[in-house]
Amino acid sequence: MTSINSDLSVKIGTLELKNPVLTASGTFGYGSEFSSLIDINKLGGIVVKGISLRPRAGNPPPRIVETHCGMLNAIGLANIGLENFLKEKLPWLQSLSTAVIVNIYGHSIEEYAAVAAGLKGVEGVSAIEINISCPNVECGGMVFGTDPKTSARVTEAVLKESDKPVIVKLSPNVTDIRAIAISVEKAGAYAISLINTLTGMAIDVEKRVPKLANITGGLSGPAIRPVALYMVYQVVKAVKIPVIGIGGIMNYWDALEFLIAGARAIQVGTANFVEPDVSLDIIEGLKRFCMDREIISIDDIIGTLNEKVDPGGQGTRTN
Amino acid sequence: MIEQESEVIFNKKVADGTFLMGLRSYEISSGAKPGQFVMLRVRQSFDPLLRRPFSICGTREDDIFLILYRLVGRGTTILSHVGEGTKLSVTGPLGKGFDIPKPGRKSLLIAGGIGIAPLIFLARKIKMIDLIFMAGYGSLKEVIDLESAGLKVPDIRIATDDGTLGHKGLVTDLLESYMTMSGNEMFKVFSCGPLHMLKRIAAITINSGAECQVSLEASMACGLGACQSCAVKSSSDQGMVYYHVCRDGPVFPAKSIDWKSI
Ligand SMILES: Cc1cc2nc3c(=O)[nH]c(=O)nc-3n(C[C@H](O)[C@H](O)[C@H](O)COP(=O)(O)OP(=O)(O)OC[C@H]3O[C@@H](n4cnc5c(N)ncnc54)[C@H](O)[C@@H]3O)c2cc1C
Ligand SMILES: Cc1cc2nc3c(=O)[nH]c(=O)nc-3n(C[C@H](O)[C@H](O)[C@H](O)COP(=O)(O)O)c2cc1C
Ligand code: FES
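Chains as they are written, first to last, in our numbering: chain A, 273 to 591; chain B, 49 to 310.
Shown next, in the form of structure tokens:
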């Protein structure tokens, strides 16, 4: 047995996390929903549900449907709006001793900027994560995050209004994710997180209707993990700013794939629905993995991918 | 509320396509109120991925709670093959239950199909003299013998679509004929079942001014009020446009729901 106590803390620029495990926006509410089931302060941090300037009711139901090893959601970014967030949710979040990242979105560049401005000077908010997978009302509903130029403009507008580290969360529904990543890095983004959900649909064959009232939805869960991992791998190579990996992470082994590919932290999304305490299991699993291998710091794993595949076979899971 | 591995004590067929399962959990069993539900993982696998919601149908001894479920798809089919002694991951008790009625006034419990599950639990909290149980099914072979779930109800009225047992027609017909017979007597309605049935019951009770609580279903991912999957439209034009069935319900006053949207 080893006696080293591996250090799981990581830095995303100046943002210090006690471990690299965050919960993903939209899958962990405002945190308090899970507080009777898990000790939230053990997490590296939480990313709260996307906040817009005004409350939004969201899409008509049905809003979700399960698919093989995944789910489609069309929640429609339902949220309580900035003002209610500050009044009703923030005080509890401020009492936490873990990083609180506020995910924001808008339907125009001005709305993004206004939400960022509303969070300026607010204590207890460790960083802002911009969800750029949102339809741009001024551009006929084209999604901000599918175009490098508009992605950069949103990033700049938020940076101008914000006193916090700004993370830009990328949509995978693009032809070349690197172009978007490079563009938001140039615009001054502090870090990049990816991926958001992949657009998909499901049909009720008997009734011949879409299973979601919105027709399309965003695919998440273990089904998307290989796609997410490849995109993280590509973006890590394309930019110098820190990258946070998201997509289908269900256990610490999955998390390690992203860290080895170069993600400095990871977010756990859909898995929270399956096992509400999964993030704590992932943290424990990472710790055990490091200790068993006498790895002093999780930093020593990040970005250690060796691209020469061993012809003798693939490494197998040993614990 | 708790998340834990609960041992399956029994899992038996009680009617065509319908199973009753007993699971051991002191925390859930001792804390459960009629109308509340659990989220259950049918097996340790990512396919099916999500937990399935089931109403708590009753409790036994100190530490066993029951669920009554109908085979409708993959998850419930897998569940029906689960053997005694298996441990399943369960989260609960979740949501808000029925308001338990005070004695002295008639309570009409109106079930459509498997919607009977939470009403069986509620019936135990009501004096038999106050209780009228109305249950609707497709046909005789689906009829659930309440005694198999440990409940004896003196006044039970059954409707089947095909007339193989009781009234031939809808369970809402039973409600309407009760109302014509009972005159001005005050009563409360508690109902669970398919949406089109609840919609009809809501219309009848709202129209007559009778108090009515319904237990709704919606597609759920978290069951904890975090993901906003389980939206149902509220009838109020102020405040919340959508309720979340898992947290604000699953039991709602019938008049608080926008039935036009359903
Ligand atoms: C609060 C609540 C309490 C419930 N209580 C009971 C109960 O006591 N007994 C019982 O038999 N059933 C109950 N249900 C319904 C039960 O959850 C679904 O029948 C079950 O999830 C179907 O799983 P499946 O994998 O077999 O079917 P699937 O193959 O997933 O789907 C088959 C059908 O079930 C519907 N369905 C799937 N998932 C859900 C879901 N999460 N919520 C509602 N409908 C769904 C689908 O729309 C589809 O029509 C309840 C649902 C809710 C929301
Ligand atoms: C129900 C649901 C709601 C979501 N809401 C948001 C949101 O408000 N903002 C956002 O940036 N991402 C949102 N996401 C995307 C997740 O944060 C995450 O990027 C995605 O689900 C992929 O990770 P996963 O496979 O681990 O779930 C949502 C995902 C789900 C399933
Ligand atoms: S199921 Fe997640 S909010 Fe209701």
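Heads up, the beta-carbon is just placed ideally off N, CA and C, and yes, glycines get one too. Please read all numbers here as calculations on a predicted model, not as lab measurements.
Exposure label - residue i; buried when at least 16 CB within 10 Å
{"i": "B/Met229", "result": "exposed"}
{"i": "B/Ala251", "result": "exposed"}
{"i": "B/Pro82", "result": "buried"}
{"i": "B/Gly257", "result": "exposed"}
{"i": "B/Lys175", "result": "exposed"}
{"i": "B/Pro202", "result": "exposed"}
{"i": "A/Thr633", "result": "As displayed, chain A neither begins before 273 nor continues past 591, which places residue 633 of chain A out of reach and without an answer."}
{"i": "A/Thr286", "result": "exposed"}
{"i": "A/Lys436", "result": "buried"}
{"i": "B/Gln276", "result": "buried"}
{"i": "A/Arg565", "result": "exposed"}
{"i": "A/Pro333", "result": "buried"}
Alpha-carbon to alpha-carbon, residue j and residue i
{"i": "A/Asn591", "j": "A/Gly557", "result": "The predicted model places A/Asn591 with a pLDDT of 45, which falls under 50 and marks its position as unreliable; any figure quoted below should be read in that light. Computed Cα separation, rounded: 9 Å."}
{"i": "B/Gly297", "j": "B/Leu170", "result": "15 Å"}
{"i": "B/Ala207", "j": "B/Phe235", "result": "20 Å"}
{"i": "B/Ala183", "j": "A/His340", "result": "35 Å"}
{"i": "B/Ser131", "j": "B/Val262", "result": "Correcting the residue type first, residue 131 of chain B is Gly in the shown sequence and not Ser. Cα to Cα, the separation comes out at about 33 Å."}
{"i": "B/Ile192", "j": "B/Ala165", "result": "10 Å"}
{"i": "A/Ala495", "j": "A/Ala543", "result": "12 Å"}
{"i": "A/Gly611", "j": "A/Ile464", "result": "Past the boundaries of the shown model lies residue 611 of chain A; chain A is included only from 273 to 591, so the question cannot be answered."}
{"i": "A/Val426", "j": "A/Ala350", "result": "21 Å"}
{"i": "A/Ala451", "j": "A/Asp419", "result": "9 Å"}
{"i": "B/Phe85", "j": "B/Gly143", "result": "7 Å"}
{"i": "A/Val481", "j": "A/Pro583", "result": "48 Å"}
{"i": "B/Ser267", "j": "B/Arg99", "result": "11 Å"}
{"i": "A/Gly478", "j": "A/Ser367", "result": "In the sequence as displayed, the identity of residue 478 of chain A is Glu instead of Gly. Near 50 Å, if we compare the C-alpha coordinates of A/Ser367 and A/Glu478."}
{"i": "A/Gly460", "j": "A/Lys421", "result": "13 Å"}
{"i": "B/Cys260", "j": "A/Ala453", "result": "55 Å"}
{"i": "B/Glu233", "j": "B/Ser225", "result": "13 Å"}
{"i": "A/Ile336", "j": "B/Ile177", "result": "43 Å"}
{"i": "A/Gly317", "j": "A/Glu338", "result": "27 Å"}
{"i": "B/Met227", "j": "B/Ile204", "result": "16 Å"}
{"i": "A/Ile312", "j": "A/Glu305", "result": "10 Å"}
{"i": "B/Glu109", "j": "B/Gly70", "result": "11 Å"}
{"i": "B/His244", "j": "B/Tyr185", "result": "14 Å"}
{"i": "A/Lys512", "j": "B/Phe300", "result": "52 Å"}
{"i": "B/Asp285", "j": "B/Ser309", "result": "13 Å"}
Under 9 Å between C-beta atoms of residue i and residue j
{"i": "A/Val430", "j": "A/Ile402", "result": "yes"}
{"i": "A/Ala389", "j": "A/Glu433", "result": "yes"}
{"i": "B/Arg89", "j": "A/Val546", "result": "yes"}
{"i": "B/Leu240", "j": "B/Gly163", "result": "The identity of residue 240 of chain B in the sequence shown is Cys, whereas the question assumes Leu. In this structure, B/Gly163 lies closer than 9 Å to B/Cys240 by Cβ."}
{"i": "B/Ile180", "j": "B/Leu156", "result": "yes"}
{"i": "A/Leu289", "j": "A/Ala510", "result": "no"}
{"i": "B/Leu116", "j": "B/Phe146", "result": "no"}
{"i": "A/Leu484", "j": "A/Leu344", "result": "yes"}
{"i": "A/Ser551", "j": "A/Lys441", "result": "no"}
{"i": "B/Pro56", "j": "B/Gly133", "result": "Sequence check: residue 56 of chain B is Val here, not Pro. Result yes, Cβ atoms of B/Val56 and B/Gly133 sit closer than 9 Å."}
{"i": "A/Ala346", "j": "A/Ala371", "result": "no"}
{"i": "A/Val540", "j": "A/Ile521", "result": "yes"}
{"i": "A/Ile518", "j": "A/Ile573", "result": "no"}
*Taking a cut of 8 Å between CB atoms, which residues from the stretch 128-157 of chain B lie near chain A?*
Result list: Ser137 and Thr139.
*Can we say the stretch 318-333 of chain A touches the stretch 76-96 of chain B, given the rule of at least three CB pairs closer than 8 Å?*
Because the criterion of three Cβ pairs below 8 Å is not met, the stretch 318-333 of chain A and the stretch 76-96 of chain B do not touch.
_Stretch pair the stretch 472-482 of chain A + the stretch 497-506 of chain A: three plus CB contacts closer than 8 Å_ = Using a C-beta cut-off of 8 Å, the stretch 472-482 of chain A makes no contact with the stretch 497-506 of chain A, since fewer than three inter-stretch Cβ pairs fall below that distance.
_Positions along the stretch 71-90 of chain B whose CB lies within less than 9 Å of some CB in chain A_ = Of all residues in the stretch 71-90 of chain B, only Met87 and Arg89 come within less than 9 Å of chain A when Cβ atoms are compared, listed by chain position.
*Residues of the stretch 331-344 of chain A with a CB closer than 9 Å to any CB of chain B: list them in chain order, please.*
Cβ contacts with chain B come from Asn331, Pro332, Pro333, Pro334, Arg335, Ile336, Val337, Glu338, Thr339, His340, Cys341, Gly342 and Met343.
*Proximal residues, the stretch 527-541 of chain A versus chain B, C-beta separation under 8 Å*: Within the stretch 527-541 of chain A, no residue has a Cβ that lies closer than 8 Å to any Cβ of chain B.
*Is the number of C-beta pairs between the stretch 50-70 of chain B and the stretch 136-148 of chain B that are closer than 8 Å three or more?*
A contact exists between the stretch 50-70 of chain B and the stretch 136-148 of chain B.
_Proximal residues, the stretch 260-275 of chain B versus chain A, C-beta separation under 9 Å_ = Taking 9 Å as the Cβ-Cβ cut-off, the stretch 260-275 of chain B approaches chain A at Ala266, Ser267, Met268, Ala269, Cys270, Gly271, Leu272, Gly273, Ala274 and Cys275, given in chain order.
_Members of the stretch 302-318 of chain A that neighbour chain B once the beta carbon cut-off is set at 7 Å_ = Correct list: Glu305, Phe306, Ser308 and Leu309.
*Of all the residues that make up the stretch 200-224 of chain B, which are near chain A by a beta-carbon distance shorter than 7 Å?*
Against chain A - using a Cβ distance shorter than 7 Å - the stretch 200-224 of chain B contributes no residues.
*If contact means a Cβ-Cβ distance below 7 Å, which residues of the stretch 246-257 of chain B contact chain A?*
Residues of the stretch 246-257 of chain B that bring their beta carbon within less than 7 Å of a beta carbon in chain A are absent altogether.
*Identify each residue in the stretch 290-302 of chain A for which the Cβ-Cβ distance to at least one residue of chain B is less than 9 Å, and report them in chain order.*
So the close ones are Gly298, Thr299, Phe300, Gly301 and Tyr302.
*Would you list, in chain order, the members of the stretch 548-578 of chain A that have their beta-carbon closer than 7 Å to a beta-carbon of chain B?*
Correct list: Pro548 and Asp549.
_Contact set between the stretch 386-410 of chain A and chain B, restricted to residues whose Cβ is under 9 Å from the partner_ = Under the 9 Å Cβ criterion, the stretch 386-410 of chain A contributes no residue.
*What residues from the stretch 101-122 of chain B come within 7 Å of chain A, judged by C-beta to C-beta, listed N to C?*
Taking 7 Å as the cut-off between beta carbons, none of the residues of the stretch 101-122 of chain B comes near chain A.
_Proximal residues, the stretch 494-511 of chain A versus chain B, C-beta separation under 7 Å_ = Flagged, chain order: Pro494.
*Which residues, in chain order, does the stretch 280-299 of chain B contribute to contact with chain A at a C-beta distance below 7 Å?*
When CB distances to chain A are screened at a threshold of 7 Å, the residues of the stretch 280-299 of chain B falling below it are Val280, Val289 and Tyr290, in chain order.
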